[in-house]
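So for the sequence shown, this note's numbering puts the first residue at 572; every next one is plus one.
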Amino acid sequence: MILCFPLLPNSRPGPGQEQLTSAVEFAHTQLELLQIRARRAELIAKIEIGQDDTEELRRLVALDRYERYARTRRRLASDSFDGG
572 MILCFPLLPN SRPGPGQEQL TSAVEFAHTQ LELLQIRARR AELIAKIEIG QDDTEELRRL
632 VALDRYERYA RTRRRLASDS FDGG
């Protein structure tokens with residue numbers, strides 16, 4: 572999703588398109604992280620201690636991997652937004 576802000580006569584130009592794209596990416600990734608954390612809480616609540624439930628543990632490992640990827644995307648979007 573790309574946001575565009577039209578320039579009105581005698582108005583100051585807003586942030587550049589690249590900065591807006593970075594802000595949208597940051598917000599989208601933040602929502603993904605919230606969903607990941609909610610799903611992790613659900614999985615942890617379902618795990619029974621003492622049971623060999625390797626499938627649930629594999630899902631937790633996959634969520635950790637996905638969360639690291641999402642954090643990296645969020646950091647890159649933040650860096651791009653800041654111009655650095």
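Cβ coordinates follow ideal geometry from the N, Cα and C atoms, glycine included.
Residue range of the unbroken alpha helix (DSSP H) whose run includes residue i
i: A622; result: Here the sequence assigns Gln to residue 622, which means Ala is not the residue at that position. Here Q622 belongs to no alpha helix (DSSP H), and DSSP marks it neither H nor E.
Beta-carbon proximity list for residue i, same chain, < 6 Å, skipping 5 on both sides
i: E596; result: A648
i: A641; result: T600, E603, L604
i: R644; result: T600
i: S582; result: Unreliable placement is indicated for S582, whose pLDDT of 46 sits below 50; the coordinate value is still reported in the next sentence. Excluding residues within five positions, none has a Cβ falling inside 6 Å.
i: E638; result: I607
Beta-carbon proximity list for residue i, same chain, < 7 Å, skipping 5 on both sides
i: R611; result: L631, L634
i: F652; result: Q590, S593, A594, F597
i: Q606; result: none
i: I528; result: Given a span of 572 to 655 for the chain in the structure shown, any question on residue 528 remains unanswerable.
For residue i, three-class secondary structure by DSSP
i: Y640; result: helix
Residue-level contact to chain B via CB, residue i, 8 Å cutoff
i: R642; result: No chain B is present in this structure, which holds just one protein chain.
Should the region 597–606 be regarded as contacting the region 619–627, the criterion being three or more beta carbon pairs within less than 8 Å? The region 597–606, when compared against the region 619–627, does not touch it at the 8 Å Cβ threshold.
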